[in-house]
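Note sheet for the following structure.
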Amino acid sequence: MSKTKQAEATTPLTKKSWKAKICDQKYIIIAFFLPFLLLGIAFAVNGVYPFGTKQIMVTDFWQQYYPFYCDFQSKLQEGSSLLYSWSAGLGTNYVALIAYYLASPLNFFLVFVPPEFLREALTLFLLIKIGCAGMFFAIFLRSVFKRNDFSIVFFSVLYGLCAFVMGYYWNIIWFDTFALLPLVVLGVYALVTRGKYKLFIVALALSMLTNYYMGFFTCIFTAITFFGVCIAVKMTWKAFFKKLGLIIGFSALAIGISAVLVAPAYIALQNTHGVQNVLPDFTTLYDWNYKDPLTYATDILGNLAAFTKPTDKEGLPNIYCGFICVILGTLFFRSKKISVREKVFSTVVLIFFMYCCMYKLPNFIIHGMHLPNMLPYRFAYLMSFVLIVMAYRGFLLLKDINYGDVFAMAIVGAVFAVFAYAGSQADTAVTGTVALLIVYLALILLYKLNIFPQAAMTIGIFALILVEMCSSALIGVNTVRTTDRTSYPDQYEPVTKLISDIEASDDEPFYRMETQHFYTINDSTIYGYNGATLFSSTVNEGVTKFVEGVGLIGWDAGNRYYYAETSPLTNAFLDIKYMIGRRTTAKNTDDWSLIQNYNYANSYSNNSYLSLGFMTKDTMKDFMYGYTKTGAVSTNPFDTQNNLFTKSTGIQEDVFTPITPNTSAQHSGLTATPNINGGYNYNVTQGSTGTLNYSYTIPQDCTVYVYTKIDNGDNITISKGTATSENYEVKRPYIISAGSYKAGETMNLNCTLTANTTTGTAQVYVAMLNRNIYDNGINQLKEGLYNIDSFNTDSISGTITAKEDGLMYTSIPYEKGWKAYVDGAEVEITPIADAMVAVPLTAGEHTVTFKYVPDGFIPALAVTILCIGIFIAIIIIERAIRKKGQVMIAATVTEQLPWEVTEVDQTEVKPVANNRPNKKKKK
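The numbering of the sequence shown is numbering that gives the first Met the number 0, which starts it at 0 and goes up by one.
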C-alpha cells in the first residue's frame with residue numbers, strides 16, 4: 000500500500016469527530032457556563048432587566064464606564080477617529096482612555112448593538128468575562144494537574160465567583176485581565192516545564208492590552224509564578240538562568256506587543272494628578288481604622304468566612320473564595336506528598352500579599368505607585384488564586400487523608416471562624432461558616448470511616464461548593480445593589496431631542512454645549528455632545544486646574560472637572576454655545592436666550608458666544624489663574640476673572656465688582672470673624688447646628704454671581720428677598736449664576752453646616768457683572784474669531800484675521816500630541832496656564848491648522864508591529880528547525896512534577912463508582 004493510501008486509510012481512525020472533540024471539552028464548557036449562569040441568576044433575582052426594571056450600573060459604572068461606552072459605541076458606528084474625543088470633557092487623548100477603560104475585545108462588538116440595548120450588552124459582556132474566568136481556570140487545572148473531570152469545574156467556580164468578583168464586578172473594565180490570569184500562569188508553567196512559549200506571550204500581551212492597570216498585577220504574579228515553578232521542579236542553577244532569560248525575553252516581547260496602547264497611556268498619565276504621589280511611611284498601616292497589626296491581620300483572615308458580604312467600595316480585602324479553601328488548604332500543608340519547599344514558597348507568597356494589604360508602602364507600590372481612591376486591595380484576587388490552587392492540591396490528596404488531618408482541618412476551620420466572629424463579619428456568616436465546616440468534615444470523616452465511597456464524598460463537596468458560590472453571588476449582587484433602569488439617563492429622550500434640533504439648525508463645524516447642572520460627571524458622552532465635563536483616571540491635571548481656576552467645578556485629586564451654569568466669561572473662553580436645562584431654567588437670562596422647551600427640558604443659546612479660537616492681546620500668554628491682574632496671589636475667583644478679561648482684551652476696568660455683605664446679617668449657632676484671606680473663621684456653639692447667614696443689598700441693576708468655599712458646608716440656599724430660595728450643591732466650589740437683580744433688592748445666602756461641626760473656615764464671595772465693560776470686551780474679541788473650514792476628530796483647519804500682532808487663544812486642551820500650522824508652516828504652541836493651546840500670530844489673515852496624534856503613539860505602534868513580527872518569526876524559525884529534528888526553545892523538564900498524579904487519579908469521578916480504599920489486612 001502506498002503512503003498516500005495508508006494515510007487516507009488511517010485518517011478516519013486517528014481524527015476525532017466534532018462530537019468526540021466537544022465531549023473531550025465538556026468540563027471546560029461547563030466551567031464557562033456555571034459561573035455565567037450563577038451570576039446571571041443572581042442578577043435576575045435582583046430584578047435586573049429583562050427580569051425587572053433594574054440595571055447593574057452603580058458607582059463608577061454609572062458615572063464613568065457607561066458614558067464612555069456610549070461614546071465608544073458612537074465612534075465605532077460612525078467610523079470616527081479613535082485617537083481623540085471631543086465628547087469627553089473639553090477634549091481628551093482617546094488612546095489613553097481606551098487603554099484604561101475600553102480595550103476589551105468584546106467592546107468592538109458594540110458596533111452591532113443598537114444604542115438602546117447598550118446596557119444589556121454590557122451586562123452580557125460581564126457575564127461572558129466571568130464565564131471565561133471559570134473556563135480559563137479549568138483549562139489551567141486540567142493542563143497542570145492532568146485532571147479532566149467535574150473537579151476542575153467546581154474549583155473553577157471558586158475563582159469565577161470569588162469575593163473579588165462579587166464586590167467589584169461593577170468595575171467591568173478589570174475582568175478581561177482577571178479572566179486571563181489562569182492562562183498567563185499556565186503559560187509560565189508551560190514555558191518553564193515544557194519550553195512552550197506561545198500561550199504565555201499571547202496571554203500576557205492580551206492582559207496588558209485589555210487593561211494595563213490590572214496587567215501590572217499580572218506581571219507581578221508572573222514573576223512569583225516563575226520562581227514558584229522553578230522551586231517546585233528542583234531546577235538546577237544552569238537551567239534556572241536559562242529559563243530566567245526566556246521568561247524575561249518573552250515577557251518583554253509580550254509587553255512590546257501591547258506598547259501601542261500602554262506606551263501612550265503611560266505618557267498621558269504623566270499629565271495626571273497621580274504622578275505627584277510620594278512614598279508613604281514604611282511602618283504605617285494601610286487602614287487608619289486599625290492601630291494594631293495583629294487585629295488587622297486576624298480581621299483580614301476572618302474575611303475568608305463563608306456568606307460574608309464582599310467589600311464593594313471600602314472595607315477589608317476581598318479574599319474569600321470558598322471556605323473549602325481553608326479546609327483543604329490545611330491538608331496542603333499537612334500532606335507529606337507535597338514538598339516542604341512548595342509549602343514554604345506558598346506561605347511566603349501569602350505573607351507577602353498580606354503585607355501588601357496591611358501596610359501603606361507595599362500597598363502603594365503594588366498599586367503602581369498609587370494609593371487607591373476607594374476599591375482597596377485591588378490585587379486581592381491573586382491571593383484567592385493561590386488559595387484555590389492550594390485547595391485543589393489538597394483535594395487531589397483526599398484519598399490519603401488520616402484522622403490527624405481531619406482533626407487539623409477542624410481546628411484550623413474553627414480558628415478562622417473565631418477570626419470572623421471577632422472581626423466585622425455578621426453573626427449569620429459566622430454561623431453559616433461553622434455549619435459548612437461541620438458538613439465538610441462530616442463528609443470527609445464518613446469517607447475515612449469507609450461509610451461513604453470516595454465518589455459520594457466528592458459529590459457532597461461539590462454540592463457544598465455550589466451552595467457557597469450561589470450564596471456568594473446572591474449576597475454580592477445584593478451588597479453592590481442595582482439602580483433603576485427607567486430613569487437613567489435622566490430625561491434622555493427630551494434632552495437628545497433638543498440636541499438633535501440644535502444640530503439640525505446650526506451648521507457650524509464645531510461648538511460646545513453643556514447641561515445647566517450635572518447629572519453624571521460625564522454627561523456629554525451619555526447624551527452625545529461636545530462638552531466641558533470629564534471624570535476619568537486619565538484626565539489632564541493642568542486642564543482640571545485651569546477649569547477650576549476660571550470658575551467651574553474641578554478636583555485634581557478626584558480626576559474630574561464638570562460644568563454648572565456659571566460666569567459668561569468662563570462660557571466664552573470654553574466655547575460654550577448652548578445650554579440644556581433638565582426641569583430647570585437659566586438663571587442668567589441676560590446671557591442665555593431660550594430656544595425651545597420640550598417635555599420639561601429647555602435649550603438656550605449663548606448671547607456672548609465666541610468660537611473655539613479668537614485673537615487676544617499678547618499679554619494673554621502671561622495669564623495664570625489664582626492671581627489678580629497685578630500679579631498678587633488671590634483665592635477670590637472673581638480676581639481671576641478680572642485678570643483673564645484684562646489679559647485677553649487689554650481693558651483695565653474690572654468686569655466683576657465685589658458686593659459686600661450687610662452688617663445686619665445674623666449667623667445662627669456660631670460666631671464668625673474675618674480672616675486675612677478675605678474669608679471667615681467660624682466656631683460653632685457647643686450643642687448647636689451652625690448656620691451661616693449673609694444678606695446683600697444689590698447696588699444697581701445687574702446679574703449677580705456667588706462663590707462659596709465653606710468647610711462642612713455642602714449646600715447653600717440663595718433667595719431674592721422673600722422669594723422662594725434656590726438650593727445649590729457646593730461640595731466642590733464654583734462660580735454660581737445667582738440671577739438678575741434690580742437696584743436695591745436683597746439677596747440672602749444661607750449655609751447650614753453638617754452635624755458635629757465645631758470649627759472651620761468660610762470663603763464667601765459675591766460679585767456683580769459690569770455689563771457695559773463685559774460687552775465691550777466680548778465685542779473686541781469677536782473681531783478676531785477663528786472660522787473653522789474643516790473639522791475632523793483629530794484635525795481642525797480654519798482662517799482667522801488678526802487686526803494686530805497677538806496671541807490666538809483656543810480652548811483646545813494642551814498636550815504634546817497637538818501640532819499647529821500657520822499658513823502651512825509648523826509653529827510652536829504657546830500653552831496658556833499649561834492648559835490651553837495658543838499660537839502667536841502677526842497682523843493679517845491666516846490659515847491655522849491643528850493636528851493631533853497622541854504623544855508616543857507612532858513609535859509605540861512601530862514597537863508593537865516589530866514585536867508581533869519577531870513573535871511570528873520565532874514561530875516560523877522554530878517550525879523550520881523542528882522539521883530538521885532539532886529543539887530550539889530550551890530543554891524540557893522531563894521528570895514527573897510534584898503535583899502530577901498517577902493514571903488512577905486522572906480518571907473521571909463517577910457517582911456510581913465505589914472508590915473506597917481497600918482495608919489493610921491484619922497482621
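Positions of the beta carbon are idealized from the N, C-alpha and C atoms, including for glycine.
None of the values given here were measured: they were computed from a predicted structure.
Inter-residue spacing [alpha-carbon to alpha-carbon] between Ile458 and Glu540: 56 Å
Proximal residues to Pro660 (C-beta, below 6 Å), its chain only, five neighbours per side dropped: Tyr693, Tyr695
Sufficient close CB pairs (3 or more, under 8 Å) joining the region 279-292 to the region 558-568: no
Residues bridged to Cys701 (per DSSP): Tyr740
Supposed contact pair Glu652 and Ile772 - C-beta distance, whole angstroms, cut 8 Å: 5 Å
Identity of the residue in Arg146, Phe136, Ala419 nearest Leu381 by Cα: Phe136
At least three beta-carbon pairs within less than 8 Å, the region 544-552 to the region 461-468: no
Three or more C-beta pairs below 8 Å linking the region 471-484 and the region 160-174: yes
For Thr176 and Ile200, the rounded distance between their alpha carbons: 14 Å
Unbroken alpha helix (DSSP H) run spanning Thr645, endpoints: 636-648
As assigned by DSSP and simplified to three states, the class of Trp17: helix
Residue closest to Asp574, alpha-carbon to alpha-carbon, out of Ala19, Tyr851, Ala222, Glu513: Glu513
For Ile434, the nearest candidate out of Phe306, Ile709, Arg731, Ala253 (CA to CA): Inspection of the sequence shows that residue 434 is occupied by Ala rather than by Ile. It is Phe306 whose Cα lies nearest to the Cα of Ala434.
Touch test, the region 331-342 against the region 502-509, Cβ-Cβ under 8 Å, three pairs minimum: no
Lys53 - partner residues in DSSP beta bridges: Val47, Asp483
Own chain residues within Cβ distance below 7 Å of Ala766, not counting five before or after: Phe637, Phe655, Thr656, Pro657, Ile658, Tyr704
Other residues of its chain near Lys18: CB distance less than 8 Å, five sequence neighbours each side excluded: none
Length of the line joining the Cα atoms of Lys74 and Asn749: 45 Å
Boundaries (first-last residue) of the alpha helix (DSSP H) holding Phe67: 65-77
Per DSSP, the bridge partner or partners of Lys708: Gln762
Selected residue, minimal CA-CA separation from Leu806, among Lys818, Pro839, Tyr26: Pro839
Where Phe378 sits in the DSSP three-state scheme: coil
Distance between beta carbons of Thr863 and Ala258, contact taken as under 8 Å: 5 Å
Straight-line Cα distance separating Cys866 from Ala872: 10 Å
Identity of the residue in Ala132, Asn210, Ala531, Phe71 nearest Val110 by Cα: Phe71
Burial state of Pro853, where buried means 16 or more other Cβ atoms lie within 10 Å: buried
8 Å contact criterion, which Gly527 and Phe344 should meet: CB distance rounded: Between Phe344 and Gly527 the Cβ distance is about 53 Å, and since that is not below 8 Å, they are no contact.
Contact check, Leu303 vs Phe415, beta carbons under 8 Å: yes
Unbroken stretches of the alpha helix (DSSP H), 4 residues or longer, contained in the region 340-412: 359-365, 379-395
Terminal residues of the alpha helix (DSSP H) in which Arg193 lies: 174-193
Backbone secondary structure at Cys161 - three-state DSSP: coil
Distance cut-off 7 Å: His369 Cβ against heavy atoms of the ligand PLP: Absence of the ligand PLP is noted for the structure shown, with no ligands found whatsoever.
As assigned by DSSP and simplified to three states, the class of Ile517: A small fix is needed here, since residue 517 is Phe in this sequence, not Ile. Reduced to three states, the DSSP call for Phe517 is coil.
Own chain, CB closer than 6 Å to Thr757, minus 5 neighbours either side, in chain order: Val683
Best match in Val429, Ile594, Asn558 for proximity to Ser499 [C-alpha to C-alpha]: Ile594
In DSSP terms, what Ser592 is bridged to: Ser604
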